[in-house]
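Report on the following structure.
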Amino acid sequence: MDERALKELELRDVAALYGLVDAPHPVVALAAEAAPRPIHAPANPVVASMPSAAPTVARVIPSDWEALKVAVRECTACGLCRQRKQAVFGVGNEAAPWLFVGEGPGADEDEQGEPFVGQAGKLLDGMLAAIGIARGREAYIANVVKCRPPGNRTPTPEEAAACAPFLDAQVDHIKPRVIVALGKTAAARLLNTDASLGSLRGRVHDYRGTPLIVTYHPAYLLRTLPDKAKAWEDLLFARRELAKRAAPA
Ligand code: SF4
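Each residue of the sequence shown is one higher than the one before, counting from -15 in the numbering used here.
Structure (structure tokens):
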């Protein structure tokens, strides 16, 4: 990422603080270490139950990636299906070392069928580029819910629970080396907690055996510019964690 782009994202000063500008990109080597891995063989399909607030209906969640996409596209397991233009499955390298999990599609995402395509998406891409990550290469990006909540409201716990088997199947398939939860909704869903985002930052959590780091949602950062520096710290922390785990014993 060049200095002009960093400046536009107001990340230039932060990047300089960490010595990430005026020098060859330190993460390029990391990105090379974290080269895409072979695609995993499908595991057994998962049978999921609807959340307790809804009638209990067993659903078969396909483990095959393409079948999973079809299942999401056709899903009517919660009320969010009613107003969506399309379900937004996710985007990126399905064998990526990094998995970023956001909240749910907004208007742009609902229109285009891809997560994080508006201003928040540009900010996320810029921050990822600053540490040598591209969404189509080293990262996969998905959301807690695959259909747009009306008015971009926060998904309810019931909606997040109804969609959980899809996200879990994505994690099982991608087998990321690190997961980054973007915002409180993602952290709450993946860690099953209602703790504040601030209290969850700066620690390595565990999501079914995969290290998980919590940071701010890019849409929040657009409204709260001073916290961009904290999000940057979180990404560097996640990168160090991934490097530690990728290093030979
Ligand atoms: S949000 Fe998830 S569970 Fe609800 S209808 Fe969409 S795909 Fe199905």
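Yeah, the Cβ is synthetic: ideal placement off N, Cα and C, and Gly gets one too.
As the structure is a computational prediction, the values presented were derived from the model and not from experiment.
- In the structure shown, the three-state DSSP call for H189 is strand.
- For L64, the distance from the CB to the nearest heavy atom of the ligand SF4 is below 6 Å.
- The region 143 to 183 is shown to contain whole alpha helix (DSSP H) runs of 4 or more residues at 168 to 175, in chain order.
- Under the three-state reduction of DSSP output, F84 falls in the strand class.
- G76 has Y124 as its beta-bridge partners, per DSSP.
- Excluding five sequence positions before and after Y200, the CB atoms of its chain that fall closer than 6 Å to its own CB belong to D211 and A215, given in chain order.
- Judged by DSSP secondary structure, V54 falls within the alpha helix (DSSP H) whose first and last residues are W49 to R57.
- Around the beta carbon of L209, fewer than 16 other beta carbons sit within 10 angstroms, so the residue counts as exposed.
- At least 7 Å separates the beta-carbon of L219 from that of I163.
- Of the heavy atoms belonging to the ligand SF4, at least one sits nearer than 6 Å to the Cβ of A61.
- Nearest to G105 by C-alpha distance, out of K228, E225, A213 and L206, is L206.
- Beta-bridge analysis with DSSP links L219 to no other residue.
- A straight line joining the alpha-carbon of A153 with that of A213 spans about 32 Å.
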